[in-house]
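Chemist: Got a structure for you, questions after.
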Amino acid sequence: MPEPTKTRLTLANVAVMLPIELLVHAAVVDTQLPYVAKVMVLAVTATVLVIWVAEPSAARILRGWLHAPALRQRRKLAAAPALWRARTVVRDEPGSLQRVTQALARRKINILGIHVHPVPGGVLDEFVLAAPGDVGERELLEALLSAGGSSPHVWPTTSLAMADGQTRALSLAARIAQAPEELPLAVAELLRARILSPAEGALEKYDAGTRLKIPTAWHGPITFVRPGEPFTPAESARAHRLAELAEILAYRPAPARPNWVATSGG
Numbered sequence: 000m001p002e003p004t005k006t007r008l009t010l011a012n013v014a015v016m017l018p019i020e021l022l023v024h025a026a027v028v029d030t031q032l033p034y035v036a037k038v039m040v041l042a043v044t045a046t047v048l049v050i051w052v053a054e055p056s057a058a059r060i061l062r063g064w065l066h067a068p069a070l071r072q073r074r075k076l077a078a079a080p081a082l083w084r085a086r087t088v089v090r091d092e093p094g095s096l097q098r099v100t101q102a103l104a105r106r107k108i109n110i111l112g113i114h115v116h117p118v119p120g121g122v123l124d125e126f127v128l129a130a131p132g133d134v135g136e137r138e139l140l141e142a143l144l145s146a147g148g149s150s151p152h153v154w155p156t157t158s159l160a161m162a163d164g165q166t167r168a169l170s171l172a173a174r175i176a177q178a179p180e181e182l183p184l185a186v187a188e189l190l191r192a193r194i195l196s197p198a199e200g201a202l203e204k205y206d207a208g209t210r211l212k213i214p215t216a217w218h219g220p221i222t223f224v225r226p227g228e229p230f231t232p233a234e235s236a237r238a239h240r241l242a243e244l245a246e247i248l249a250y251r252p253a254p255a256r257p258n259w260v261a262t263s264g265g
């Protein structure tokens with residue numbers, strides 16, 4: 000099951016724990032035990048009941064309510080006839096995004112995810128869309144253009160497009176921290192791109208927006224290409240930060256051994 004939100008988890012625990020706490024207090028307060036003994040009994044009993052009864056009961060009894068938001072999102076993905084990624088540049092002014100969403104809504108296209116990237120001349124809006132089966136690439140492009148978007152691009156995609164880019168980048172950063180030489184493969188995975196050989200990178204046969212070159216000290220420049228899908232400024236920044244991390248780790252000197260380690264054998 001997906002991770003529940005903190006708010007729902009807190010409310011569920013309170014709903015289950017409150018009756019238990021009231022019953023325990025009612026049972027102990029009327030006894031003839033000394034005050035300190037009552038406090039100890041209440042503390043131990045409440046702790047045990049919360050750990051062994053309340054939290055498991057909340058997770059089981061309120062399971063549907065706890066995970067409802069994530070489950071609804073899953074059902075949207077499962078029921079979607081077609082998933083698309085779309086990008087378009089709009090003016091950086093109030094109402095621009097609203098016009099795009101209204102144009103998509105008129106064609107019964109549901110927006111599942113959106114990222115906004117500042118670019119020269121406006122902002123680049125990147126969407127993950129669930130469209131009816133009869134809506135294809137042409138209809139999506141028409142919707143984006145009719146809303147005032149420029150340079151629109153659309154691509155079929157899968158539910159993997161819903162994965163959070165920041166989380167993926169952090170996971171790959173942890174991978175590079177263990178093995179800096181994994182940088183080229185990690186960046187290729189992050190960008191869903193192909194690594195070009197030095198000979199291919201010098202041919203200039205790919206559009207500038209679909210080719211990304213990252214300088215490194217020990218690999219030399221590494222060139223990545225993603226035909227038909229230009230790299231966003233955020234993706235370029237994440238790739239460069241991963242390269243900087245790998246370079247720092249590759250050239251960091253090994254930590255010196257503490258004196259107590261050197262002398263403990265004597």
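Numbering-wise (numbering that gives the first Met the number 0), the sequence shown opens with residue 0 and increments by one.
The C-beta atom is built at its ideal place from N, Cα and C for all residues, glycine as well.
None of the values given here were measured: they were computed from a predicted structure.
#1: Would you grab the beta carbon distance between valine 99 and alanine 146 for me? Rounded to a whole angstrom, and I think it's under 8 Å.
#2: In three-state terms, what does DSSP make of alanine 261?
#3: Whole angstroms is fine: what's the gap from asparagine 12's alpha carbon to lysine 37's?
#4: Reducing DSSP to helix, strand and coil, say where glutamate 243 ends up.
#5: Count Cβ pairs between the stretch 210 to 219 and the stretch 141 to 155 that sit closer than 8 Å; are there 3 or more?
#6: Tell me, please, whether the stretch 174 to 181 touches the stretch 113 to 130 by the rule of three or more beta-carbon pairs shorter than 8 Å.
#7: Out of Ala187, Gly112 and Asp124, point me to the one whose CA is closest to glutamate 92's CA.
#8: Let me know if threonine 222 comes out buried or exposed under the rule of 16 or more other beta-carbons within 10 Å of its beta-carbon.
#9: At which residues does the beta strand (DSSP E) containing threonine 87 begin and terminate?
#10: For the ligand ADP, is there a heavy atom less than 6 Å away from the beta-carbon of leucine 17?
#11: Using CA atoms only, rank isn't needed, just tell me which of Glu228, Pro226 and Val186 is closest to arginine 237.
#12: For the alpha helix (DSSP H) containing threonine 18, name the first residue and the last one.
#13: Reducing DSSP to helix, strand and coil, say where isoleucine 175 ends up.
#14: Pull the bridge partners of isoleucine 194 from the DSSP assignment, please.
#15: So if DSSP puts glutamate 199 in a beta bridge, which residue, or which two residues, is it bridged to?
#16: Helix, strand or coil: how does DSSP classify leucine 140 here?
#17: Which of helix, strand or coil does DSSP assign to lysine 107?
#18: I need the DSSP call for glutamate 125, collapsed to helix, strand or coil.
#19: Ordered along the chain, which non-local residues of its own chain (more than five positions away) have a Cβ less than 7 Å from that of alanine 45?
#20: Looking at the strands, I want to know which residues DSSP matches up with serine 149.
#21: Report all residues from its chain with a CB closer than 7 Å to the CB of lysine 5; omit the five preceding and five following residues, and keep chain order.
#22: Mind checking who glycine 112 pairs with in its DSSP beta bridge?
#23: Our contact map puts valine 136 next to valine 153 with C-beta atoms below 8 Å; I'd like the distance itself, whole angstroms only.
#24: Please identify the residue among Pro183, Met16 and Met39 whose C-alpha is closest to the C-alpha of proline 220.
#25: For arginine 86, is the classification buried or exposed, using 16 other Cβ atoms within 10 angstroms of its Cβ as the cut-off for buried?
Modeler: The short version:
#1: Within the sequence shown, the letter at position 100 stands for residue 99. Within the sequence shown, the letter at position 147 stands for residue 146. Indeed they touch by this definition, with Cβ atoms about 4 Å apart.
#2: Position 262 of the sequence shown, counted from the first residue, corresponds to residue 261. Low local confidence applies: a pLDDT of 47 at alanine 261 is under 50, so the model's placement there is unreliable, with the coordinate-based value given in what follows. If DSSP states are grouped into helix, strand and coil, alanine 261 belongs with the helices.
#3: Taking the sequence shown and counting its residues from 1, one reaches residue 12 at position 13. Taking the sequence shown and counting its residues from 1, one reaches residue 37 at position 38. Put simply, the backbone Cα of asparagine 12 is about 24 Å away from that of lysine 37.
#4: Within the sequence shown, numbered from 1, the residue matching residue 243 stands at position 244. If DSSP states are grouped into helix, strand and coil, glutamate 243 belongs with the helices.
#5: Too few Cβ pairs lie closer than 8 Å, so no.
#6: Not touching, per the Cβ criterion.
#7: Working through the sequence shown from its first residue, we reach residue 92 at position 93. Of the candidates Ala187, Gly112 and Asp124, the one whose C-alpha sits nearest the C-alpha of glutamate 92 is Asp124.
#8: Residue numbering aside, residue 222 sits at position 223 when the sequence shown is read from its first letter. By the 10 Å Cβ count, threonine 222 comes out buried.
#9: The count along the sequence shown starts at 1 and reaches residue 87 at position 88. It spans 81 to 89 - the beta strand (DSSP E) in which threonine 87 sits, taken as one unbroken run.
#10: Within the structure as shown, the ligand ADP is missing, as the structure has no ligands at all.
#11: To locate residue 237, count along the sequence shown from 1; it is residue 238. Among Glu228, Pro226 and Val186, the Cα nearest to that of arginine 237 is on Val186.
#12: In the sequence shown, counting from the first residue as 1, residue 18 sits at position 19. The amino acid occupying residue 18 in the given sequence is proline; threonine does not appear at that position. Where proline 18 is concerned, the enclosing alpha helix (DSSP H) stretches over 5 to 28.
#13: One-based indexing of the sequence shown puts residue 175 at position 176. If DSSP states are grouped into helix, strand and coil, isoleucine 175 belongs with the helices.
#14: Indexing the sequence shown from 1 puts residue 194 at position 195. DSSP, once it has assigned bridges, lists Phe223 as partnering isoleucine 194.
#15: As a working note, residue 199 is residue 200 in the sequence shown. Under the DSSP definition of a beta bridge, glutamate 199 lacks any partner.
#16: Position 141 of the sequence shown holds residue 140. Correct three-state label for leucine 140: helix.
#17: The residue you call residue 107 lines up with position 108 of the sequence shown. Secondary structure of lysine 107 (DSSP, three-state): coil.
#18: For the purposes of this step, residue 125 is taken as the residue at position 126 of the sequence shown. Of the three classes helix, strand and coil, the one that applies to glutamate 125 here is strand, per DSSP.
#19: As a working mapping, residue 45 is identified with position 46 in the sequence shown. Non-local beta-carbon contacts of alanine 45 in its own chain, meaning distances under 7 Å to residues more than five positions away in sequence, involve Glu20 and Val23 in chain order.
#20: On the sequence shown, residue 149 is found 150 positions in, with the first residue counted as 1. In the DSSP assignment, serine 149 is bridged to Val88.
#21: For the purposes of this step, residue 5 is taken as the residue at position 6 of the sequence shown. The answer is none, since no qualifying residue turns up.
#22: Within the sequence shown, numbered from 1, the residue matching residue 112 stands at position 113. Paired residue(s): Val127.
#23: Counted from its first residue, the sequence shown places residue 136 at position 137. Counted from its first residue, the sequence shown places residue 153 at position 154. Looking at the sequence provided, one finds glutamate at residue 136 rather than valine. Glutamate 136 to valine 153, Cβ: 5 Å. Contact.
#24: Reading the sequence shown from its first residue, position 221 is the one you call residue 220. The closest CA to that of proline 220, considering only Pro183, Met16 and Met39, is found on Pro183.
#25: For the purposes of this step, residue 86 is taken as residue 87 along the sequence shown, with counting starting at 1. Sixteen is the threshold: when 16 or more other Cβ atoms of the shown chains lie within 10 Å of the Cβ of arginine 86, as they do, the residue is buried.
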